[in-house]
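Heads up: the sequence shown begins at 5 in the working numbering, then just goes up one per residue. For every residue, glycine included, the Cβ atom is placed at its ideal position computed from N, Cα and C. All values reported here derive from a predicted model rather than from experimental measurement. Report on one structure; see the data block that follows.
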Amino acid sequence: MLPDEHRTIDFFAEDALPAPRVAPTEAELIAAEHLGLTARAQSLGSQQDANFLLHTDDGTPVAILKIANPAFGAVEIEAQDAAADLIASTCPELRIATVLRRPDGSPRRTTVDTENGPAVARLLRYLPGGTLSGPRHLPPGTVASMGTIAGKISTALRDFRHPGLDRVLQWDPRHADRVVAKLAGHIDEPDRRTAVRTATAEAWAHVHELAAALPSQAVHLDLTDDNLVRCPDSRPPMPDGVIDFGDVTTSWAVGELAVSLSSMLHHDGVEPHHVLPAVRAFHSVRPLSPEEAEAVWPLVVLRAAVLVASGRHQAAVDEDNGYATANLDHEWRIFEQATCLPLPVMTRLIRDATGLAATDVPARTAQADASARPLLRDLVADDIALLDLSTDADSLDHGAWMDTGTEARLVTSALADGVAAVATWYARARLTRTPALSEVSTATVPTGIDLWLGRDAVVQAPAAGKVLAAAPGRVELTYGARTLSLSFPRAVQPLVTTGTTVRAGEDLIHLGSGAAVHVALRDADGPAAPRLVRPEYAAGWLALTADPAPLLGLPADTDRTRERDLLDRRAAAFATVQGHYYANPPRIERGWRHHLLSADGRSYLDIVNNVTPLGHAHPRVEQAVSRQLRRLNTNSRFHYTSVVEFTERLAALLPDPLDTVFLVNSGSEAVDLGLRLAIGTSGRHDVVALREAYHGWTYASDAVSTSLQDNPNAPATRPSWVHTVDSPNSYRGRHRGPDAVRYAPEAVAVIDELAAAGRPAGAFIGETYYGNAGGVALPEGYLAQVYAAVRNHGGLAVADEVQVGYGRLGHWFWGFEQQRVVPDIVCVAKAMGNGHPLGAVITSKAVADRYRDQGYFFSSTGGSPVSSIVGLTVLDTLRDEDLQGNATRVGGHLKSRLEALADRYGIIGAVHGSGLYLGLELVRDRTSLEPATEETAELCDRMLDLGVIVQPTGDHLNILKIKPPLCIDTTAADFFADMLDLALTQLSHSR
Numbered sequence: 005m006l007p008d009e010h011r012t013i014d015f016f017a018e019d020a021l022p023a024p025r026v027a028p029t030e031a032e033l034i035a036a037e038h039l040g041l042t043a044r045a046q047s048l049g050s051q052q053d054a055n056f057l058l059h060t061d062d063g064t065p066v067a068i069l070k071i072a073n074p075a076f077g078a079v080e081i082e083a084q085d086a087a088a089d090l091i092a093s094t095c096p097e098l099r100i101a102t103v104l105r106r107p108d109g110s111p112r113r114t115t116v117d118t119e120n121g122p123a124v125a126r127l128l129r130y131l132p133g134g135t136l137s138g139p140r141h142l143p144p145g146t147v148a149s150m151g152t153i154a155g156k157i158s159t160a161l162r163d164f165r166h167p168g169l170d171r172v173l174q175w176d177p178r179h180a181d182r183v184v185a186k187l188a189g190h191i192d193e194p195d196r197r198t199a200v201r202t203a204t205a206e207a208w209a210h211v212h213e214l215a216a217a218l219p220s221q222a223v224h225l226d227l228t229d230d231n232l233v234r235c236p237d238s239r240p241p242m243p244d245g246v247i248d249f250g251d252v253t254t255s256w257a258v259g260e261l262a263v264s265l266s267s268m269l270h271h272d273g274v275e276p277h278h279v280l281p282a283v284r285a286f287h288s289v290r291p292l293s294p295e296e297a298e299a300v301w302p303l304v305v306l307r308a309a310v311l312v313a314s315g316r317h318q319a320a321v322d323e324d325n326g327y328a329t330a331n332l333d334h335e336w337r338i339f340e341q342a343t344c345l346p347l348p349v350m351t352r353l354i355r356d357a358t359g360l361a362a363t364d365v366p367a368r369t370a371q372a373d374a375s376a377r378p379l380l381r382d383l384v385a386d387d388i389a390l391l392d393l394s395t396d397a398d399s400l401d402h403g404a405w406m407d408t409g410t411e412a413r414l415v416t417s418a419l420a421d422g423v424a425a426v427a428t429w430y431a432r433a434r435l436t437r438t439p440a441l442s443e444v445s446t447a448t449v450p451t452g453i454d455l456w457l458g459r460d461a462v463v464q465a466p467a468a469g470k471v472l473a474a475a476p477g478r479v480e481l482t483y484g485a486r487t488l489s490l491s492f493p494r495a496v497q498p499l500v501t502t503g504t505t506v507r508a509g510e511d512l513i514h515l516g517s518g519a520a521v522h523v524a525l526r527d528a529d530g531p532a533a534p535r536l537v538r539p540e541y542a543a544g545w546l547a548l549t550a551d552p553a554p555l556l557g558l559p560a561d562t563d564r565t566r567e568r569d570l571l572d573r574r575a576a577a578f579a580t581v582q583g584h585y586y587a588n589p590p591r592i593e594r595g596w597r598h599h600l601l602s603a604d605g606r607s608y609l610d611i612v613n614n615v616t617p618l619g620h621a622h623p624r625v626e627q628a629v630s631r632q633l634r635r636l637n638t639n640s641r642f643h644y645t646s647v648v649e650f651t652e653r654l655a656a657l658l659p660d661p662l663d664t665v666f667l668v669n670s671g672s673e674a675v676d677l678g679l680r681l682a683i684g685t686s687g688r689h690d691v692v693a694l695r696e697a698y699h700g701w702t703y704a705s706d707a708v709s710t711s712l713q714d715n716p717n718a719p720a721t722r723p724s725w726v727h728t729v730d731s732p733n734s735y736r737g738r739h740r741g742p743d744a745v746r747y748a749p750e751a752v753a754v755i756d757e758l759a760a761a762g763r764p765a766g767a768f769i770g771e772t773y774y775g776n777a778g779g780v781a782l783p784e785g786y787l788a789q790v791y792a793a794v795r796n797h798g799g800l801a802v803a804d805e806v807q808v809g810y811g812r813l814g815h816w817f818w819g820f821e822q823q824r825v826v827p828d829i830v831c832v833a834k835a836m837g838n839g840h841p842l843g844a845v846i847t848s849k850a851v852a853d854r855y856r857d858q859g860y861f862f863s864s865t866g867g868s869p870v871s872s873i874v875g876l877t878v879l880d881t882l883r884d885e886d887l888q889g890n891a892t893r894v895g896g897h898l899k900s901r902l903e904a905l906a907d908r909y910g911i912i913g914a915v916h917g918s919g920l921y922l923g924l925e926l927v928r929d930r931t932s933l934e935p936a937t938e939e940t941a942e943l944c945d946r947m948l949d950l951g952v953i954v955q956p957t958g959d960h961l962n963i964l965k966i967k968p969p970l971c972i973d974t975t976a977a978d979f980f981a982d983m984l985d986l987a988l989t990q991l992s993h994s995r
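Shown next as structure tokens:
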């Protein structure tokens, strides 16, 4: 032990803490001569210590050599090792970089001389897997795991005591104000230096008020992305290891969480709201007190400020320290993200995330006493029209939300109808402020009310108060514990002056007809809120504001709690086997063309919806349905025109002899009926189906479905009458590339063997273009050979066109056209109704007539007047808008963009498909074709964050299914490709 064995660091007594200068060859000597390990040394870098990876000649890692900064005493090192041992024993599920020990149990630790004095060197356990360092985007699961680990370590160290914890570190948040004061001068840029000092002063003031209520304990204090090690081969990266106990000390317990949160903020695409899963996870393991929750974000800001100041200082005093200089940019990004929102906003979000916001009782509406006056004299609620600009607003139909002049048009129209004023809603997201395509959400949630006047009006003080500001276009005055802000045309001079006191009912402003005024209420001690805020931060901002509607005599909006419990209500009443996309799905309440819109005003590009080929909310469909519903809707046993015209049109789209149509409600029903027709006609009950296919949920359609993702037990649970043949996948099947021609003869052999065994197949069913496998084209001539074989034994060929038919493939209206065959029975649905439940089976009259042998067929709503009108309208629109041609043009352009991405990203194994039925297959290795299942799921989640809805398909769920509405344009296709490019880069999938 060093002579001054009880010495501990006092940062403020040190001029600088440059890392020990130790060359790799010197590290190798220290390891061999002092610690009994002969190995090669590779420098790892550190801000204040010297770290080396020790490995054998073949590169196998064996240990970490850590040479502590000479300023750190031996008792501090002992405390670090004891803390690591304690956590390792308390949390066996975590891998901990503990000190290695000799056979007698003593730590492999020694003292070595460096140019700055004696330093403690020791061997630590090497943890494989790599850290979370670097710019890679952190998905919610990884973020939550970081919070969980911080909570576990905080809990494990709660009662840990050691004399080596009594140290004064620059990283201890209890000293953050002094550290910044000491080091900020090293920040060369004046604007950045001022920003750091200002943010530190504000954050420290918040923490100082809470300090007495913040519990202290032993803390690791460096559970950052640099010190959390990912579980080897985890995808996405999930941490389970902890290294570097060099900052172990006694400090505020909540600092453990704040340090971890701050380290997330420099990662690609990570904003403050992205760290909330870590807060929830920490709180579930080690509950935060209300005071700790209040302190979290100020401590994040202080950590960021210390990082910037310390990084600049270290780079100045230790110029050769590449580790310190390399971190300067991302330390500044951490600071920018930490300070991009007012502290109270993030504090409220944190309280929401932990459930501690429920302790806030005050109502967030303007509550006035009996003597309060209306803000607008002589105007009552009945004089004011409320303007709804949310996803529920009828006035925003037909894409009106995309028109920049919509708000003005609606206001003008309402005023022309004679109302005295028009007012918007507080806190309801305005769809009119939503761009159609955007990689980040935009500010859509209002923190106040906009008011347009249809006649002259007097704005009066609703209650006695003090005028805080009065200038042309602006008045602020106190209103109880809040501040009332009024913004109006700058040409208008207020009637009051700053600093004066006003009585209830005293005139504030005289406004003329046509004037607009913005009314907002905020907490008196809170920050001024923007007029519109982004939905991710709305809960934080709205908690600091109040609904001013009651000041105008209007009802307050009380519907904002519905969103929070909607998923729970769904789970309680809606069978959970009917799953939903995404773990935390957006609430989609409107669609238009190839866009989907959430209740909070976020627009998403719809890349997955082949149910609506014309696009969402197509006016022709809406008008046709509405017109027909006003006249008649009944079942098809009645005689009416539309069912005749529709079935004629549908039959005309198919080659001879397919001339007879059955109408049903879904693809599952269509396949079920198609199989019954084939079995009834052939008199044979056995069916041959392709593996890895999905055909529906009814008994018969499910029986021939073998997709493992739809039913993991499918291959083993097929009824005895179903016989499967290999999926003819030329990319990842048994026969690949040119060898894919072998699939057809093998399928023919199975069909022949069944016949030889006395069980000839009554039907062969398969998708004509392999949709469930991600848009993989069948091998050339495959269906011709298989259809011929099944027909040779008296069976029928059933084509499932549910996903790929109706022009989606671009070059072909039907998938079977690509194979140059004609099935005996065609099953179609999805695209037929543009979202209306509609399906069909088309066959020959001879086959259709054989159904009578099985009884009577009837579908109550299949072929109803409304369904028939929908079907006709879809066919008309497909033709009139040339949507099949659009699928060819835009689909071809998009496929070329995706193929270009495949040249840059090794994870893209193949781009399948035709037209606007494409599949992007992701693999971990292009030779083995190991499916990148977890990476695909993570990519879909990231794309949602970037404004794109896309989902995986295939038995391994490693293929992005790309089947947007056929009306998608090149701009949207490029946006999809650009966001995919960005997401792949952020998730570190570049070559």
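With respect to threonine 448, glycine 469 sits apart: the two C-beta atoms are not nearer than 7 Å. The Cβ-Cβ distance between isoleucine 453 and threonine 487 does not fall below 7 Å. At a Cβ-Cβ threshold of 7 Å, valine 915 and leucine 926 do not count as neighbours.
Per DSSP, the unbroken beta strand (DSSP E) holding glutamine 464 starts and ends at 461–464. Under the three-state reduction of DSSP output, phenylalanine 666 falls in the strand class. Leucine 98 carries a coil assignment under DSSP once its states are collapsed to helix, strand and coil.
Rounded to the nearest whole angstrom, the C-alpha separation of valine 954 and tyrosine 909 is 19 Å.
Nearest to aspartate 117 by alpha-carbon distance, out of Ile34, Ala209 and Ala376, is Ile34. Residue burial is scored here from C-beta neighbours: aspartate 229 has at least 16 other C-beta atoms within 10 angstroms and is therefore classed as buried. Non-local C-beta neighbours of arginine 307 in its own chain, meaning closer than 7 Å and more than five positions away in sequence, comprise Pro177, Ala262, Val263 and Ser266, ordered along the chain. Nearest Cα to threonine 152 within the set Ala216, Val26 and Arg290: Arg290. Straight-line spacing of the CA atoms in phenylalanine 979 and asparagine 325 works out to 41 Å. Boundaries for threonine 438: no alpha helix (DSSP H) harbours it, and the DSSP string shows neither H nor E there.
DSSP, reduced to helix, strand and coil, places threonine 29 within a helical segment of the structure shown. For the options Thr664, Lys834, Ala603 and Glu805, the alpha carbon positioned closest to that of glutamate 821 is the one of Glu805. When C-alpha distances from threonine 351 are compared across Glu298, Arg631 and Ala759, the shortest belongs to Glu298. Alanine 524 carries a strand assignment under DSSP once its states are collapsed to helix, strand and coil. The beta carbon of leucine 104 lies closer than 7 Å to those of Ala67, Arg112, Leu127, Leu128 and Arg129 in the same chain, with the five residues before and after it left out. Pairing methionine 406 with serine 607, the inter-Cα distance amounts to about 11 Å. In the three-state scheme derived from DSSP, where H, G and I count as helix and E and B as strand, serine 602 is classed as strand. Glutamine 955: member of the beta strand (DSSP E) spanning 955–957, first to last residue. By the C-beta criterion, the stretch 857–877 is judged to be in contact with the stretch 669–680, since at least 3 inter-stretch pairs fall below 8 Å.
For serine 149, the CB contacts under 6 Å within the same chain, skipping 5 residues up- and downstream, are Met242 and Pro243 in chain order.
Collapsing the DSSP output to three states places leucine 933 in coil. A Cβ-Cβ distance of about 18 Å is found for the pair histidine 622 and threonine 395, leaving them out of contact under the 8 Å criterion.
Sequence-distant partners of glutamate 411 (beyond 5 residues in either direction) whose C-beta falls short of 6 Å from its own C-beta, in its chain, are Thr436. In this structure, proline 74 sits away from proline 236, with a CB-CB distance that is not shorter than 7 Å. Note that the C-beta distance between proline 276 and proline 531 is not below 7 Å. Counting only residues of its own chain and dropping the five nearest sequence neighbours on each side, valine 826 has a CB closer than 6 Å to the CB of Pro659. Here aspartate 14 is bridged, per DSSP, to Val172. Note on the stretch 123–202: there is no whole beta strand (DSSP E) run with a minimum of 3 residues.
Here alanine 389 is near valine 426, since their CB atoms are less than 7 Å apart. For isoleucine 769, the uninterrupted beta strand (DSSP E) segment begins and ends at 765–771. One thing to note: valine 521 has its Cβ within 7 Å of the Cβ of phenylalanine 492. Minimum Cα-Cα distance from leucine 657 among the listed residues Glu260, Gly811, Val506 and Asp322 corresponds to Gly811.
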